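Q: My questions all concern the structure below.
Residue numbers (my numbering), protein chains in the order written: chain A, 67 to 187; chain B, 6 to 229.
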């Protein structure tokens, strides 16, 4: 799948390795290796099919096609595509999981008001 | 208890994913428990294949859903060791170091599905013992066991919860380690438990209830 074309987008290619804390005010597409922490408060993170992320993630929305090992806190939604391999807890308002995705962890749906409820798309 | 040893005959080719609907008395009991709970919601552990249906069902009711595909995890080649007789077995200690790592008395409901029938022999009892530890007293565990009519080529199904007492069964196929991802194979039925063996397996639990159905599956609901 191509990287999302939503305004400004930072792109980490598949040969890139980053260790540390990543934060930003734009959408981020990761197709390389990131280890540490990712914070994109009002923006989206996409882990591409070659992406290998070992980090706790905080973003508005998170789309995972590759590997992610860490907790995910998405204020809006989480999308696990069929090639996703996720180990970690997911906290979000809405979640979509394609057939074939692998998840080892907790799913906790938290509505904006703080109340849990149905939020599947 | 009948055991089925592995066979070298494996058929390659495209996966035939059957989806069958099944009414489940055990799931109906679980749903009654889930519906009767208010407040923060319950903790549900699903140790079958990752299922969007199941996550939707339980989170839609306000509960927290934990997923761990233990059968897939048990196939990790890194878990294979040689025992004292030179036989290749699965390292149960390493398996439990990497899976089912939770605080004691954490879960209200565990969906075991057909795992005990397909899990490697060395993992069955240690896994059940671990589940006992991570369940709250009074928690429910639902497991499915083949009846003695089942043969070694019985299809391995994964279960999707589609209603309070309704499941959708879908054939499971994994890409075997070292083989092409396109060459998926169905897990092989390892054994058929009789009732006494099932009672023995869950002897540390408070109570056990059997539900018989017209198909070749016994549903077992145990209370921690």
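Every residue gets a Cβ at the ideal spot worked out from N, C-alpha and C, and that includes glycine. Values in this document were obtained by computation on a predicted structure and should not be read as measured data.
Going along chain A in order, which residues have a C-beta closer than 9 Å to the C-beta of residue 72 (chain B)?
A: 168, 169, 170, 171, 172, 173
Q: Suppose contacts are defined by Cβ-Cβ distances below 8 Å. Is residue 117 (chain A) in contact with residue 90 (chain A) by that definition?
A: no
Q: Using a Cβ-Cβ distance cut-off of 8 Å, determine whether residue 161 (chain A) contacts chain B.
A: yes
Q: Are the C-beta of residue 69 (chain B) and some C-beta of chain A separated by less than 8 Å?
A: yes
Q: Classify residue 167 (chain A): buried if its beta carbon has 16 or more other beta carbons within 10 angstroms, exposed otherwise.
A: buried
Q: Counting Cβ pairs, one atom from each stretch, are 3 or more of them under 8 Å apart for the segment 135-150 of chain B and the segment 101-110 of chain B?
A: yes
Q: Determine whether the Cβ of residue 169 (chain B) lies closer than 8 Å to any Cβ atom of chain A.
A: no
Q: In whole angstroms, what separates the C-alpha of residue 97 (chain B) from that of residue 96 (chain A)?
A: 36 Å
Q: For residue 147 (chain A), would you say it is in contact with chain B, using Cβ-to-Cβ distances shorter than 8 Å as the test?
A: Under the Cβ criterion of 8 Å, residue 147 (chain A) is not counted among the residues facing chain B.
Q: Taking only three categories from DSSP, how would you classify residue 107 (chain B)?
A: coil
Q: Apart from the five residues just before and just after residue 35 (chain B), which ones in its own chain have a Cβ nearer than 7 Å to its Cβ?
A: These residues qualify, in order along the chain: 114, 145, 147.
Q: What residue range is occupied by the uninterrupted beta strand (DSSP E) comprising residue 109 (chain A)?
A: 99-113
Q: Tell me which same chain residues have a C-beta within less than 7 Å of the C-beta of residue 177 (chain B), skipping the five on either side of it?
A: 54, 161, 162, 163, 191, 192
Q: What residue range is occupied by the uninterrupted beta strand (DSSP E) comprising residue 77 (chain A)?
A: Here the beta strand (DSSP E) through residue 77 (chain A) covers 75-78.
Q: Would you say residue 67 (chain A) faces chain B, with C-beta separation under 8 Å as the test?
A: In this prediction, residue 67 (chain A) scores a pLDDT of 46, lower than 50, which makes its location untrustworthy; the coordinate-derived value is nonetheless stated afterwards. So, not an interface residue.
Q: Looking at chain A, is there any beta carbon in it that lies within less than 8 Å of the beta carbon of residue 42 (chain B)?
A: no
Q: Measure from the C-beta of residue 55 (chain B) to each C-beta in chain A and report whether the shortest distance is under 8 Å.
A: yes
Q: Please list, in chain order, the chain A residues whose beta carbon lies closer than 9 Å to that of residue 26 (chain B).
A: Those within 9 Å of residue 26 (chain B) in chain A number zero; the least Cβ separation is about 17 Å.
Q: Can you tell me the Cα-Cα spacing of residue 110 (chain A) and residue 125 (chain B), whole angstroms?
A: 41 Å
Q: Exposed or buried, residue 209 (chain B), counting other C-beta atoms within 10 Å across all chains shown (16 or more means buried)?
A: exposed
Q: Are residue 116 (chain B) and residue 50 (chain B) closer than 8 Å when you measure CB to CB?
A: yes
Q: Please confirm if the segment 77-86 of chain B is in contact with the segment 195-202 of chain B, defined as three or more CB-CB distances below 8 Å between the two stretches.
A: no
Q: Span of the beta strand (DSSP E) holding residue 118 (chain A)?
A: 118-130
Q: With DSSP as the reference, label residue 174 (chain B) as helix, strand or coil.
A: strand
Q: Between residue 77 (chain B) and the rest of its own chain, which residues show a CB-CB distance below 8 Å, the 5 nearest in sequence each way excluded?
A: 54, 179
Q: Comparing alpha-carbon positions, which option in A:140, A:130, A:149, A:77 lies nearest residue 107 (chain A)?
A: A:140
Q: Considering only residues of the same chain and omitting the five flanking positions on each side of residue 39 (chain B), which have a CB-CB separation below 6 Å?
A: Hits under 6 Å: 66.
Q: Please report the Cβ distance between residue 136 (chain A) and residue 121 (chain A), rounded to the nearest whole angstrom; I am assuming they are in contact, meaning their Cβ atoms lie under 8 Å.
A: 5 Å
Q: Measure the Cβ-Cβ separation of residue 122 (chain B) and residue 150 (chain B) and say whether it is below 8 Å.
A: yes
Q: Checking contacts by CB at 8 Å: is residue 160 (chain B) closer than that to chain A?
A: no
Q: How is the alpha helix (DSSP H) around residue 77 (chain B) delimited, first residue to last?
A: Segment 75-79, the alpha helix (DSSP H) holding residue 77 (chain B).
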